[in-house]
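*Asks:* My structure is below; once you've seen it, I'll send some questions.
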Amino acid sequence: MSGQMIDNKYNLSNDIARQVDRLRQASPGGGRERDKAVTETSFRELLDRSLEKKLSFSKHADMRVRGRNIEIGESDLSKLSDACDKAGEKGIKDALIVMNDSVFIVNASSKTVVTVVDKNEMTGNIFTNIEGAVFL
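Counting from 201, one number per residue, gives the positions in the sequence shown under my numbering.
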């Protein structure tokens with residue numbers, strides 16, 4: 201390759217562009233079909249990932265789950281995620297979600313569990329800064 205020197209650095213962009221053109225010409229259809237499929241797949245995957253926010257736990261919530269031996273299965277995570285979606289659809293940013301024998305305080309817009317309280321610690325507890333509740 202014979203890249204040009206610009207500001208004491210090699211500029212290989214023309215060489216790279218020529219090599220891409222050669223590869224496209226060597227493949228059937230000039231590579232357009234394959235490039236289009238790769239671009240569409242990549243874009244679709246990125247779009248799906250950005251639209252599908254996954255439920256996450258803050259460090260505090262993770263410590264509470266572990267310290268209180270609260271078991272959360274895959275189906276529970278799915279239910280929590282759905283509850284976040286429902287709360288978000290109603291315009292609720294911070295929600296209290298009651299599921300099984302536990303209470304989850306979540307930020308519905310970011311799908312983040314902020315803290316978790318089990319049934320043994322619910323009595324006498326006051327939950328503040330929530331805009332709505334979801335019972336599962």
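Yeah, the Cβ is synthetic: ideal placement off N, Cα and C, and Gly gets one too.
Quick one: what does DSSP say LEU277 is sitting in, helix, strand or coil?
*Replies:* helix
*Asks:* Let me know the secondary structure DSSP gives LEU336 once reduced to three states.
*Replies:* coil
*Asks:* Residues bridged to ALA295 by DSSP?
*Replies:* VAL306 and GLY332
*Asks:* Per the DSSP calculation, ILE318 is bridged to which residue(s)?
*Replies:* First, the amino acid is wrong: residue 318 is Asp here, not Ile. Answer by DSSP bridge pairing, in chain order: SER302.
*Asks:* Give me, in chain order, the residues of the same chain whose beta-carbon lies closer than 7 Å to that of PHE304; leave out the 5 immediate sequence neighbours on both sides.
*Replies:* LEU280, ILE297, VAL313 and VAL316
*Asks:* With C-beta atoms as the reference, is GLY288 less than 8 Å away from ALA261?
*Replies:* no
*Asks:* Quick check: the Cα distance between ILE292 and GLU331, rounded to an integer number of angstroms?
*Replies:* 6 Å
*Asks:* Can SER256 and LYS290 be called in contact, C-beta distance under 8 Å?
*Replies:* Their beta carbons are not under 8 Å apart, which means SER256 does not touch LYS290 by this criterion.
*Asks:* Of the choices LYS253, LEU223, ARG222 and GLY267, whose alpha-carbon is the least far from that of GLU321?
*Replies:* Ranking LYS253, LEU223, ARG222 and GLY267 by CA distance to the CA of GLU321 puts GLY267 first.
*Asks:* Pick out whichever of MET263, PHE335, LYS253 and ASP221 has its Cα sitting closest to the Cα of ASP145.
*Replies:* It is not possible to answer for residue 145, since the shown part of the chain is limited to 201 through 336.
*Asks:* Alpha carbons only, please: which of ALA295, ILE270 and THR328 is nearest the one belonging to ASP282?
*Replies:* ALA295
*Asks:* If you check the beta carbons only, do MET299 and ASP285 fall under 8 Å apart?
*Replies:* no
*Asks:* Have a look at ASN269 and ALA333 and give me their C-alpha separation to the nearest angstrom.
*Replies:* So the alpha carbons of these two residues sit roughly 23 Å apart.
*Asks:* Can you tell me whether ARG222 is buried or exposed, with buried defined as 16 or more other CB within 10 angstroms of its CB?
*Replies:* exposed
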